[in-house]
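Enquirer: Please read through the structure below; I'll follow up with questions.
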Amino acid sequence: MKKPPAAPLLIENGTLVLPDRLIEGGAVLCERGRIMAAGKRVAVPKTATVIDAKGGYISPGFIDIHVHGGAGADFMDGTAAAVRTALKAHARHGTTSIFPTTTTGAPEQIMEMLAACREAQRSWEPGDGSRIAGVHLYGPYFAPDKVGCHSREGRRAPDAEEYARWFGDDLVRIATCAAELPGAEAFYRMARKRRCLITCGHSNANWAEMASAFKAGMRHVDHFWCAMSSVTSLRPRFGTPMQASMEQFVLATADMSTEVIADGMHLSPELLDFAFRMKGAQRLCLVTDCNRAMDMPPGRYRFGSEADGSFFESDGRVGFVPGEGLASSVMGLDHMVRHMKKSTSATLPEAVRMASLTPAERTGMGKRCGSLEKGKLADVLVLNRRLEVQRTFIGGVEVPHD
Ligand SMILES: [Zn+2]
Ligand SMILES: [Zn+2]
21 MKKPPAAPLL IENGTLVLPD RLIEGGAVLC ERGRIMAAGK RVAVPKTATV
71 IDAKGGYISP GFIDIHVHGG AGADFMDGTA AAVRTALKAH ARHGTTSIFP
121 TTTTGAPEQI MEMLAACREA QRSWEPGDGS RIAGVHLYGP YFAPDKVGCH
171 SREGRRAPDA EEYARWFGDD LVRIATCAAE LPGAEAFYRM ARKRRCLITC
221 GHSNANWAEM ASAFKAGMRH VDHFWCAMSS VTSLRPRFGT PMQASMEQFV
271 LATADMSTEV IADGMHLSPE LLDFAFRMKG AQRLCLVTDC NRAMDMPPGR
321 YRFGSEADGS FFESDGRVGF VPGEGLASSV MGLDHMVRHM KKSTSATLPE
371 AVRMASLTPA ERTGMGKRCG SLEKGKLADV LVLNRRLEVQ RTFIGGVEVP
421 HD
């Protein structure tokens, strides 16, 4: 692996975006891949390479905990080359740590995806793009009535023998399962043993099912309001009296976090602001849930594996299945931060926190990355005043935007 440059790196002349405030006229000093200082007055070694932020923002790198691909590649394509294509694309959009996300698929397809991510992670150097922080094991354990755009044939209930192989090493860091499926609790217990962030998604669970999942370690819900239960969706399962859903459970439980696809296409500004006001910046993550059509022309693409994933269309703004509904986003995390800032009551530090420190904390990396703090990884972005990514540094090394 390429070592970060020995010379210190100074990024100056920008507004620092900290988790709780902005500091104008600030600078960040990086050395040997770490942040050495961040603030208004930073002692500059003579040997430092100086980067001019040109009056823009200096922000921590973004962290995406739910993302399927980009630039034509889906992580489920199952090759290290496809993984690297997506990593490179997301670095351009400001993502410095990424959790490649599985979808429904045959057991071997998921094994291949894990092997491809492992290979890309082992040989990774900053020029490759976003750093793989772990895999998000997302599909195939979805509820039959909440599969969404994923291929239906690949969906199933958790099978202990099957997932034991996936949890074989520590690559899987986030684990999703619908709480109402038979075997969900054993799955959650296994994921807890591996210290994963445990999440319930593509689920039609009621409050009681969420409460027992919470006991087993579940602390997060995938893409709030998308493919999840509501008071009305529970009626066919439970009749009357009407039941409380995942929505009420997440909003009423302080320890539960969730995420929103803030592309402006999935959720209205009112819903985004409501989620932010209810959960706060420490319990709400911004995710892309982005598919392979990011940075690609409008057209027809496969969701999941290139070999047999289900088809969707992209109009360049969002993925959709004609006549059915949306099929995840085609935007990078930089777009989500801009949209959240523009369309909700979140301040810039809060919008950035939801795309950096909050996902870092929820996945157990809060001490390692996610903010411009001494000792953390030198994952730093230079943004212009419109919050567009100008330069991406991962571990103190610039990733070219080509
Ligand atoms: Zn989904
Ligand atoms: Zn997804």
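Residues in the sequence shown are numbered from 21 upward in steps of one, following this note's numbering. Ideal placement from N, C-alpha and C gives every residue a C-beta, glycine not left out. Only a predicted model underlies this, so the values are computations on that prediction, with no experimental measurement involved.
1) For arginine 176, which of helix, strand or coil comes out of DSSP?
2) Could you pull the start and end residues of the alpha helix (DSSP H) that leucine 134 belongs to?
3) Check whether the stretch 145-165 and the stretch 116-132 touch, using three or more Cβ-Cβ pairs below 8 Å as the test.
4) Helix, strand or coil: how does DSSP classify valine 87 here?
5) I think glycine 390 touches serine 376, with their Cβ atoms under 8 Å apart; what is that distance to the nearest whole Å?
6) Spatial neighbours of alanine 140 within its chain, please: CB distance less than 8 Å, with the 5 preceding and 5 following residues excluded, ordered by chain position.
7) Between the beta-carbon of threonine 308 and the beta-carbon of aspartate 242, is there less than 8 Å?
8) With histidine 52 and glycine 395 assumed to form a contact (beta carbons below 8 Å), what rounded beta-carbon distance in angstroms separates them?
9) Distance, Cα to Cα, isoleucine 281 vs aspartate 84?
10) Could you tell me the alpha carbon to alpha carbon distance between glutamate 132 and leucine 271, rounded to whole angstroms?
11) Ignoring anything shorter than 4 residues, give me the alpha helix (DSSP H) runs that lie fully in the stretch 195-279, in order along the chain.
12) Do serine 349 and histidine 286 have their C-beta atoms within less than 8 Å of each other?
13) Measuring only the C-alpha atoms, how far is aspartate 189 from glutamine 129?
14) Please name the residue in Thr116, Cys169, Asp94 whose C-alpha comes closest to that of alanine 136.
15) Could you check if alanine 63 is buried or exposed, using at least 16 other CB atoms within 10 Å of its CB as the buried criterion?
16) Please name the residue or residues paired with valine 37 in a DSSP beta bridge.
17) Going by C-alpha to C-alpha distance, which of Leu254, Ala247, Met316, His240 sits closest to leucine 304?
18) What residue ranges within the stretch 343-396 form continuous beta strand (DSSP E) runs of no fewer than 3 residues, ordered along the chain?
19) Would you call the stretch 58-77 in contact with the stretch 289-300, where contact means no fewer than 3 C-beta pairs closer than 8 Å?
20) Roughly how many whole angstroms lie between the Cα atoms of methionine 276 and leucine 49?
21) Is it buried or exposed for alanine 27, if we count other Cβ within 10 angstroms and need 16 for buried?
22) Buried or exposed: where does lysine 166 fall if 16 or more other Cβ atoms within 10 Å of its Cβ makes it buried?
23) Taking a contact to mean a Cβ-Cβ separation below 8 Å, would you say glycine 336 touches alanine 347 in this structure?
24) Give me the Cβ distance between alanine 91 and leucine 30, rounded to the nearest whole Å; I'm assuming they're in contact under 8 Å.
25) Can you give the beta carbon distance from alanine 247 to glycine 168, rounded, assuming they're within the 8 Å contact cut?
26) If arginine 411 sits next to leucine 401, beta carbons under 8 Å apart, how far is it from one beta carbon to the other, in whole angstroms?
27) Should cysteine 246 be counted as a contact of ligand 1 given a C-beta to heavy atom distance under 7 Å?
28) In terms of residues, what are the limits of the beta strand (DSSP E) holding threonine 67?
29) Name, in chain order, the residues that DSSP records as bridge partners for valine 307.
Expert: Working from what's here:
1) DSSP places arginine 176 in the coil class of the three-state scheme, outside both helix and strand.
2) For leucine 134, the enclosing alpha helix (DSSP H) starts and ends at 127-142.
3) With a cut-off of 8 Å, the stretch 116-132 and the stretch 145-165 count as touching, because enough Cβ pairs lie within range.
4) If DSSP states are grouped into helix, strand and coil, valine 87 belongs with the strands.
5) 5 Å between Cβ atoms; contact.
6) Only Ala100, Val103, Arg104, Leu107, Asp148, Ile152 meet the Cβ criterion.
7) No.
8) The question names histidine, yet the displayed sequence has arginine at residue 52. The C-beta distance from arginine 52 to glycine 395 rounds to 11 Å, too long to meet the 8 Å contact threshold.
9) Approximately 11 Å between the Cα atoms of the pair.
10) Our two residues, glutamate 132 and leucine 271, have alpha carbons roughly 37 Å apart in a direct line.
11) With a minimum length of 4 residues, the continuous alpha helix (DSSP H) runs that stay inside the stretch 195-279 are 204-213, 227-235, 255-258, 266-272.
12) Yes; because the gap between Cβ atoms is below 8 Å, this pair is in contact.
13) Their backbone Cα atoms lie some 17 Å apart in a straight line.
14) The shortest Cα separation from alanine 136 among Thr116, Cys169, Asp94 belongs to Asp94.
15) Counting Cβ neighbours within 10 Å, alanine 63 comes out exposed, since fewer than 16 surround it.
16) Bridge partners of valine 37: Leu42.
17) When each option's Cα is compared against that of leucine 304, the closest is His240.
18) 345-349, all fully within the stretch 343-396.
19) No, because fewer than three Cβ pairs between the stretch 58-77 and the stretch 289-300 fall closer than 8 Å, the two stretches do not touch.
20) In a straight line, the C-alpha of methionine 276 is about 35 Å away from that of leucine 49.
21) Around the CB of alanine 27, fewer than 16 other CB atoms lie within 10 Å, so the residue is classed as exposed.
22) Burial is judged here by how many other beta carbons sit within 10 angstroms of a residue's own beta carbon; lysine 166 has at least 16 and is buried.
23) Contact: no.
24) Between leucine 30 and alanine 91 the Cβ distance is about 31 Å, and since that is not below 8 Å, they are no contact.
25) Taking a contact as a CB-CB distance under 8 Å, the pair alanine 247 and glycine 168 counts as one, their CB atoms being some 4 Å apart.
26) Going by Cβ atoms, the distance from arginine 411 to leucine 401 rounds to 7 Å, so yes, they are a contact pair.
27) Within the cutoff, so yes.
28) Taken as a continuous stretch (DSSP letters only), threonine 67 belongs to no beta strand (DSSP E), as it is neither H nor E.
29) Per DSSP, Ile281.
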